[in-house]
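Each remark here refers to the structure printed beneath this line.
Residue numbers (the working numbering): 215 to 834.
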């Protein structure tokens, strides 16, 4: 929990909520109403072009390292030409624009151009093209969409994927590079299209018009295409503005890497900059040892006013802040808020980040959490009140209604409001299953009250219901809280964990280690083999201590971990074990590594740690 010392001032909303019991369920509704919203998403681009035409909307470093900037008026001009070009090609919801490559200025222009013309676009994880090898997942997503045009930034790099999945009737649009399979249309030619009727088409775009298709991350099941409308996105951005009214005090400045094929980066963060007249600096870095240096370079030059990341990104940033005075001076100069999403930030990482801020500027920077998902575009709840701690997700934002329904011994969170999707694209059965008889979206997330006696204080995240299981004894294991405890107590050596034990007598763990820290602990070079690092005495001893720590004070078999196995092989995107934002698909890991789990319980697994005092066990 953040200390009660001096906190940097930040203007936050404090929405009033009403909570009441309804039979076995609970209802918690935002009483604070949602203020009026624009009719369509691109209205904020048009109003920004009129009010501050030369202000930078988006910027990205060019090959020479200098920032290439696009202002509001220039972006509107580009969106009109691109929108006309896409209209001329007959694109529609039935034949949308698919974007296979990642975050760049061309991607942003295409997205706004399509939105201006009322044509849905679908950003697809570039990892499915550039990291995956069998293209099965990409082929499935393209099949769900039937796109009329496909964009890639570099035709040469994407050639193998295009050979595997490019529909014969889809036009290929390229940012550059050569592709021998089919002639492509250069992105630049779209900007040369004369504007004719696109403005009239834009006038007809309304709240129910489909803005984009976003695929769920597949953290528990197969990805589905979520219909995101113009009305959903503007409603959610207004919810955010009323939750964080400091966005209106000064135009927000973001330095952000989060992928646009996910709702956090592509809807939440991109939206905050555009909706509030701010500037988005595209960060080509990522929270990996190889690429995070680019992020740090950007943060030394551009000081954000609000900073978003996933837990691993915040952990790596804290490492750098603790040792780099110049980075601290820039980063903390005007940032008012941190928000972690995609997964829960461990309390240990939370405390280290807060300590770095206090040590440098004598102020605690507010760390925010909330609950959101692709189907709700994305935000539903935020913690803006006095409760500040890891796992707390707050109360419904203005305009959002929540219902907690008992499922087993937990409560499933369900939401309704103007930010909730109409359904999954071309999947009526899945859509029907996603909503209850009152039209509330069934999230599959479990929540509990922070204080059962004061439900108006809001919720604490209680895991994914689909991940929970029973031991062979019939004892129920709540995976989410247990996994969070492993990550927190294992910091900085643990990046994630998968809980095992379905139909077995005891709980176990498959642990994904943070290899850079394990190599440092083992005093081995950066290129040292992962298995050798994990077999080193210091690392083996560390995992043995972790298991002892996890079991200290554990009450009952559902909380006691009998065995732990660190994994040398990272999670596979081909096998859906991990998304490109780092979320682990527990079901996919357990299915693919079933033999390894068998070995773990049969005491055949190398490097396994036992809770019976036997220490680390290896086999020969």
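Cβ atoms here follow ideal geometry from the backbone N, Cα and C, with glycine treated the same way.
Bear in mind the structure is a predicted one, so any value in this text is a computation, not a measurement.
Residue closest to residue 811, alpha-carbon to alpha-carbon, out of 720, 749, 752
720
May I have the straight-line CA-CA distance separating residue 379 from residue 483, to the nearest angstrom?
30 Å
How long is the line joining the alpha carbons of residue 676 and residue 707, rounded to whole angstroms?
24 Å
Completely contained beta strand (DSSP E) runs for the stretch 758-823, where each covers 3 or more residues
775-780
Give the straight-line distance between the Cα atoms of residue 525 and residue 692, rounded to the nearest whole angstrom.
21 Å
Closest to residue 356 by C-alpha separation, out of 582, 438, 276, would be which residue?
438
Residue 582 - containing beta strand (DSSP E), residue span
580-582
Reduced DSSP category for residue 222 - H, G, I as helix; E, B as strand; rest coil
coil
Which runs of the beta strand (DSSP E) at least 3 residues long sit entirely within the stretch 390-449? Give them in chain order.
424-429, 439-443
Beta-carbon spacing of residue 824, residue 776 below 9 Å
yes
I believe residue 555 touches residue 586 by the beta-carbon criterion, under 8 Å. Please report the beta-carbon distance rounded to the nearest angstrom.
7 Å
Please go through the same chain and pick out, in chain order, the residues whose beta-carbon is closer than 6 Å to the beta-carbon of residue 475, but skip the five residues on each side of it.
337, 338, 339
Any heavy atom of the ligand NAD within a distance shorter than 8 Å of the CB on residue 430?
Of the ligands one can find in the structure shown there are none, so the ligand NAD has no counterpart to examine.
What runs of the beta strand (DSSP E), each 3 residues or longer, lie entirely inside the stretch 575-619?
580-582, 584-586, 593-596, 606-610
So, do the stretch 355-371 and the stretch 305-312 have three or more beta carbon pairs nearer to each other than 8 Å?
yes
If contacts are defined as beta-carbon pairs under 8 Å, then residue 329 and residue 425 qualify, I think. What distance do you get, rounded to the angstrom?
6 Å
Counting only the same chain and skipping the five closest in sequence on each side, list residues whose C-beta sits under 8 Å from that of residue 292.
284, 323, 326, 327, 405
Who are the Cβ neighbours of residue 226 in its own chain at under 6 Å, not counting the five residues just before and after it?
598
So for residue 504, helix, strand or coil by DSSP?
coil
So residue 627 and residue 615 are supposed to be a Cβ contact under 8 Å. How far apart are they, rounded?
Residue 627 to residue 615, Cβ: 11 Å. No contact.
Note down the Cα distance separating residue 816 from residue 723, rounded to an integer number of angstroms.
14 Å
Using a Cβ-Cβ cutoff of less than 7 Å, which residues in the same chain neighbour residue 645 once the five nearest sequence positions on both sides are dropped?
637, 638
So, under 8 Å CB-CB, residue 785 and residue 748 are touching, yes? Tell me the CB distance rounded to an integer number of Å.
Between residue 748 and residue 785 the Cβ distance is about 15 Å, and since that is not below 8 Å, they are no contact.
Around the Cβ of residue 764, are there at least 16 other Cβ atoms within 10 angstroms (buried) or fewer (exposed)?
buried
In three-state terms, what does DSSP make of residue 338?
coil
I want to know whether the stretch 742-762 touches the stretch 663-675 - three or more CB-CB distances under 8 Å.
no
Apart from the five residues on each side of it in sequence, which residues of its chain come closer than 7 Å, Cβ to Cβ, to residue 490?
455, 461, 462, 465, 466
Are the Cβ atoms of residue 608 and residue 595 separated by less than 9 Å?
yes
Where DSSP assigns a beta bridge to residue 385, which residues make up the other side?
363
Check whether the Cβ atoms of residue 650 and residue 624 sit closer than 9 Å, and answer yes or no.
no
I'd like to know if the stretch 731-750 and the stretch 795-814 are in contact, where contact means that at least 3 CB-CB pairs between them fall below 8 Å.
no
Select from 767, 635, 243 the residue whose C-alpha is nearest the C-alpha of residue 421.
635
Assign residue 512 to buried or exposed, taking buried as 16 or more other Cβ atoms, counted over all protein chains shown, within 10 Å of its Cβ.
buried
Span of the beta strand (DSSP E) around residue 658:
655-663
Classification of residue 821 by the beta-carbon crowding that lies within 10 angstroms, buried from 16 upward:
buried
Can you name, in chain order, every residue of its own chain whose Cβ lies under 8 Å from the Cβ of residue 276, other than the five neighbours on each side?
282
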